[in-house]
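A.B. asks: Protein chains in written order, with our numbering: chain B, 1 to 107; chain V, 1 to 214. Think of the CB as a built atom: it goes at the ideal place given N, C-alpha and C, for glycine as much as any other residue. Please find one structure pasted underneath; my questions will follow.
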């Protein structure tokens, strides 16, 4: 059975990080730090979300001359909607499993 | 006077600098291999590399970038092989494999009769015996076509389970073996039969002695 898109734990982490400040442009390196994802995991997610129109990107000119321009990311309105929708069931299922999981040894 | 002697050991700062340089070189060279559509992503990862706190992080970032580039290239190859294209490509080898399988079955079930005389007398297959020689030919006819049919069947399963890359590999092997079968096995088998028939023919003047013996 095919997996539903944008439901992997890594993608949910990215959604959560981007939703913390939805209107602010975010750097890839900062997102990597915040989510704990390596670049090899983070960027395929960013690429996929961008291709699906859930993320908008932009080249930001460097603050100091001589440094390269940085690629920044922000959720689109559709991206925000999808992120909220994906995160809430994930939260709900985590809370459900946490609340109903029997204590070890009690069974 | 001699100047200050430079230590052969690198300082920590120098090592860090070299680590960053190495990370930059790795990522730059790898990013060049991205297709035009994904070039900005290579540049994006390269730009972020400059903000890595330590050389170790920079190296880890670059290695992660290698994975991204490999994935994008792999997905590019994948998109070049949509299912319809694979099915189209499969058509030829499947027809070839089916024909080969049918010919293999026909050869095995209704074996083309080889006159017993062909294996008698001075035939080089004397020591093997007629049944052995005929069986070897039948096996020669049967083995590669059956393998082709099996490969084509596996390729069909691979496509059905959406394993496009595996299907492509199987098709390539099928095509190569199919070509080999078409070009070599048929003519070789015909030539082998002709050679056996000629070699077993009784010499002139020796009318039917060997065939009687056979």
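Against chain B, with Cβ distances strictly below 8 Å, would residue 44 of chain V count as a contact?
C.D. replies: Locating residue 44 of chain V in the second chain gives position 44, counting from the first residue. By this cut-off, residue 44 of chain V is an interface position.
A.B. asks: Since residue 215 of chain V and residue 167 of chain V should fall inside the 8 Å C-beta cutoff, what is the C-beta to C-beta distance between them, to a whole number of angstroms?
C.D. replies: What the structure shows of chain V is the stretch from 1 to 214, and residue 215 of chain V is not part of that stretch, so it cannot be assessed.
A.B. asks: Please state whether DSSP places residue 55 of chain B in a helix, a strand or coil.
C.D. replies: Numbered from its first residue, the first chain carries residue 55 of chain B at position 55. Of the three classes helix, strand and coil, the one that applies to residue 55 of chain B here is strand, per DSSP.
A.B. asks: Exposed or buried, what is residue 45 of chain B when buried is set at 16 or more other beta-carbons lying within 10 Å of its beta-carbon?
C.D. replies: For this step, residue 45 of chain B is matched to residue 45 along the first chain. It counts as buried.
A.B. asks: For residue 151 of chain V, which three-state DSSP category applies?
C.D. replies: One-based indexing of the second chain puts residue 151 of chain V at position 151. Three-state result, residue 151 of chain V: helix.
A.B. asks: Determine whether the Cβ of residue 68 of chain V lies closer than 8 Å to any Cβ atom of chain B.
C.D. replies: The count along the second chain starts at 1 and reaches residue 68 of chain V at position 68. It does: the Cβ of residue 68 of chain V has a partner Cβ on chain B nearer than 8 Å.
A.B. asks: Whole-angstrom Cβ separation of residue 31 of chain B and residue 87 of chain B, contact assumed at under 8 Å?
C.D. replies: Along the first chain, one-based indexing puts residue 31 of chain B at 31. Along the first chain, one-based indexing puts residue 87 of chain B at 87. Wrong, their Cβ atoms sit about 16 Å apart, outside the cutoff.
A.B. asks: Please check if any C-beta of chain V sits within less than 8 Å of the C-beta of residue 79 of chain B.
C.D. replies: Within the first chain, residue 79 of chain B is the residue found at index 79, counting from 1. Chain V, which has no Cβ nearer than 8 Å to the Cβ of residue 79 of chain B, makes this no.
A.B. asks: Using a Cβ-Cβ cut-off of 8 Å, state whether residue 64 of chain V counts as contacting chain A.
C.D. replies: No chain A is present in this structure, whose protein chains are B and V.
A.B. asks: Mind pulling the chain V residues with CB within less than 7 Å of residue 74 of chain B?
C.D. replies: The residue labelled residue 74 of chain B in the question sits at position 74 within the first chain. Going along chain V, no residue has its Cβ under 7 Å from residue 74 of chain B, so there is no contact; the nearest lies around 14 Å.
A.B. asks: Is there a C-beta anywhere in chain B that falls below 8 Å from the one on residue 29 of chain V?
C.D. replies: For the purposes of this step, residue 29 of chain V is identified with residue 29 of the second chain, where counting begins at 1. No, residue 29 of chain V lies away from the interface with chain B (no Cβ there is under 8 Å from its Cβ).
A.B. asks: With DSSP as the reference, label residue 71 of chain B as helix, strand or coil.
C.D. replies: Within the first chain, residue 71 of chain B is the residue found at index 71, counting from 1. Strand, per DSSP.
A.B. asks: In its own chain, which residues sit with a C-beta less than 8 Å from the C-beta of residue 59 of chain B, not counting the 5 before and 5 after it?
C.D. replies: Position 59 of the first chain, counted from the first residue, corresponds to residue 59 of chain B. Only 69, 70, 71 and 72 meet the Cβ criterion.
A.B. asks: Out of curiosity, what's the CA-to-CA distance linking residue 74 of chain B and residue 164 of chain V?
C.D. replies: Within the first chain, the letter at position 74 stands for residue 74 of chain B. Within the second chain, the letter at position 164 stands for residue 164 of chain V. If you take the alpha carbons of residue 74 of chain B and residue 164 of chain V, they lie about 34 Å apart.
A.B. asks: Measuring straight from C-alpha to C-alpha, what distance separates residue 156 of chain V and residue 91 of chain V?
C.D. replies: Residue mapping note: residue 156 of chain V aligns to position 156 of the second chain, counting from 1. Residue mapping note: residue 91 of chain V aligns to position 91 of the second chain, counting from 1. Between residue 156 of chain V and residue 91 of chain V, the C-alpha separation is close to 10 Å.
A.B. asks: Establish whether the CB of residue 8 of chain B and some CB of chain V are separated by less than 8 Å.
C.D. replies: On the first chain, position 8 is the one that residue 8 of chain B refers to. No, its Cβ sits nowhere closer than 8 Å to a Cβ of chain V.
A.B. asks: Buried or exposed for residue 161 of chain V, going by 16 or more other Cβ atoms inside 10 Å?
C.D. replies: As a working mapping, residue 161 of chain V is identified with position 161 in the second chain. Burial call: exposed.
A.B. asks: For residue 173 of chain V, which residues from the same chain have a beta carbon less than 8 Å from its beta carbon, with the 5 sequence-adjacent residues on both sides left out?
C.D. replies: Locating residue 173 of chain V in the second chain gives position 173, counting from the first residue. 151, listed in sequence order.
A.B. asks: If we count the other Cβ atoms within 10 Å of its Cβ and call it buried at 16 or more, is residue 39 of chain B buried or exposed?
C.D. replies: Locating residue 39 of chain B in the first chain gives position 39, counting from the first residue. So residue 39 of chain B counts as buried.
A.B. asks: Against chain V, with Cβ distances strictly below 8 Å, would residue 26 of chain B count as a contact?
C.D. replies: In the first chain, residue 26 of chain B corresponds to position 26, counting from 1. Chain V contact via Cβ: absent.
A.B. asks: Suppose the cutoff is 7 Å on Cβ atoms and the five residues either side in sequence are ignored; what does the same chain contact list for residue 16 of chain B look like?
C.D. replies: Translated into positions along the first chain, residue 16 of chain B becomes position 16. Cβ neighbours of residue 16 of chain B beyond the five flanking positions: 87.
A.B. asks: Would you mind stating whether residue 55 of chain V and residue 26 of chain V have Cβ atoms separated by less than 8 Å?
C.D. replies: Counting from 1 along the second chain, the entry for residue 55 of chain V is found at position 55. Counting from 1 along the second chain, the entry for residue 26 of chain V is found at position 26. It is not a contact, given that the beta carbons lie outside the stated cut-off.
A.B. asks: What does a CB cutoff of less than 6 Å around residue 194 of chain V pick up in its chain, not counting 5 residues either side in sequence?
C.D. replies: Numbered from its first residue, the second chain carries residue 194 of chain V at position 194. Nothing listed; no residue qualifies.
A.B. asks: DSSP three-state call for residue 26 of chain B: helix, strand or coil?
C.D. replies: Within the first chain, numbered from 1, the residue matching residue 26 of chain B stands at position 26. Reduced to three states, the DSSP call for residue 26 of chain B is strand.
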